[in-house]
Amino acid sequence: MSSSFEKHQKRRLISSYFSVVLSIALVLFLVGLLGLLVLNAKKVSDHFKEQVVVTIYLKDNAKEVETKQLEKSLAMAEYVKHTEYVSKEQAAEFMKAQNGEDFMDFVGYNPLQNSIDVYLKADFVTTEHLEKISNEALTKDFVDEVSYDNDLVKLMNNNVKKISFWVLLISGIFTVIAVLLINSSIRLSVYSKRFTIKTMQMVGATKQFIRKPFVWKSIRLGMIGALIALIGMAIVLYYLNKTFAELQLLSNSILIGLLFLFIFALGVVITWISTHFATQRFLNLKTDQLYY
């Protein structure tokens, strides 16, 4: 009879520990994913900004040496990431591939122009910088026109600011929710042992002596939950980096390491503080109050 009761209690205890670890792991995993999003938000926005192309169209009488000099000066400019010369023949081939038919069969000649595609560094993809670059290029006699999507640049910059604000706000809110959820799980775990706590107190055990095993047990559960969350984060990060290799998500290993350390520490600190206050509450209650 007693053996059966002990087995039942042991199963309940394991189930309680499992639910606490699972709660901690899931919450820390989601917080970690938000942390990864915050860390890489600028990198992702920079990647899309650097896809904006400033196209400098050259006149037909532009000399090769002039074109080379312009390319070289652009490549050396602090705001340029890289340049690409596109001949009118290459442009015609591109349009043919896009449209599925050769437009020169109808026109009879190639009306396109030689051009230089300029890809800017993300920090310089603003309306002001683009206008300045355009004006500088147009001072060259052999430059016919400069083209870029100004509306897209404005929309992108506005959206980046809005998204960054909301990501930070949601991350802050979610961190608070994480703390509350983990605290709730720990309090429920300690609540199930409230009579044990009061019994130990009645036989003369000090508060620190009673609290210590509960705190250490919760810290161990927090560490296990944090490790599970970190493994999940590592798997997600690996597959994201493999799928979007151009973003180089693993390039800043120091910040990623600090995030992983923060998530692990968060699991330990929250469980420690929650257990401390949960046990303190039951230690301060009178025996008849434990039934409510």
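Per our numbering, the sequence shown starts with residue 2, numbered consecutively.
Note that CB positions come from ideal geometry on N, CA and C, so glycine has one too.
Since we're looking at a predicted model, the values are computed, not measured.
DSSP puts residue i in a beta bridge; with which residues?
{"i": "His83", "result": "Tyr120"}
{"i": "Glu146", "result": "Tyr58"}
Can you find the residues in the same chain that come closer than 6 Å, C-beta to C-beta, to residue i, ignoring five residues on each side of it along the sequence?
{"i": "Gln281", "result": "none"}
{"i": "Ser172", "result": "Leu35, Val39"}
{"i": "Ala1", "result": "Residue coverage of the chain in this structure runs from 2 to 293, which leaves residue 1 outside it and unanswerable."}
{"i": "Ser275", "result": "Asn184, Ile187"}
{"i": "Leu131", "result": "Tyr149"}
Measure from the alpha carbon of residue i to the alpha carbon of each residue in the options, then state which is nearest.
{"i": "Leu75", "options": "Leu23, Val39, Glu137", "result": "Glu137"}
{"i": "Ile178", "options": "Val53, Ala42, Leu267", "result": "Leu267"}
{"i": "Leu260", "options": "Phe245, Tyr240, Lys243, Ala235", "result": "Ala235"}
{"i": "Val237", "options": "Gly33, Phe19, Val28, Leu23", "result": "Gly33"}
{"i": "Lys44", "options": "Glu247, Ala279, Leu262, Gly258", "result": "Glu247"}
{"i": "Asn160", "options": "Phe49, Leu37, Ser24", "result": "Phe49"}
{"i": "Lys89", "options": "Gln99, Met77, Asn115", "result": "Asn115"}
{"i": "Asn253", "options": "Ala42, Ile25, Ser24", "result": "Ala42"}
Between residue i and residue j, which are expected to be in contact by the criterion C-beta below 8 Å, what is the C-beta distance as a whole number of angstroms?
{"i": "Phe143", "j": "Lys69", "result": "In fact, because the Cβ distance is near 12 Å, the residues do not count as touching under 8 Å."}
{"i": "Leu27", "j": "Val81", "result": "Not a contact, Cβ separation roughly 46 Å."}
{"i": "Phe265", "j": "Leu231", "result": "6 Å"}
{"i": "Val126", "j": "Ile57", "result": "About 16 Å separates the two Cβ atoms, so there is no contact after all."}
{"i": "Thr311", "j": "Val147", "result": "With the chain represented from 2 up to 293, any question about residue 311 goes unanswered, as that position is not in the structure."}
{"i": "Val55", "j": "Ile134", "result": "6 Å"}
Tell me which same chain residues have a C-beta within less than 8 Å of the C-beta of residue i, skipping the five on either side of it?
{"i": "Glu72", "result": "Thr84, Tyr86, Ile117"}
{"i": "Phe30", "result": "Ile229, Ala230, Gly233, Met234"}
Leaving out the 5 sequence neighbours to the left and right, which residues in its chain are closer than 7 Å to residue i when beta-carbon positions are compared?
{"i": "Val216", "result": "Trp273, Thr276, His277"}
{"i": "Ala279", "result": "Ile187, Arg188, Val191"}
Closer than 6 Å: is that where the CB of residue i sits relative to any heavy atom of the ligand HEM?
{"i": "Val180", "result": "The ligand HEM is absent from the structure shown, which contains no ligand whatsoever."}
Entirely enclosed beta strand (DSSP E) segments - the segment 30–61, minimum 3 residues: 54–59
List in chain order: all unbroken alpha helix (DSSP H) runs of 4+ residues lying wholly within the segment 163–215. 195–203
Identify every run of the alpha helix (DSSP H) within the segment 235–288, keeping only runs that are complete inside it and at least 4 residues long; order them along the chain. 254–285
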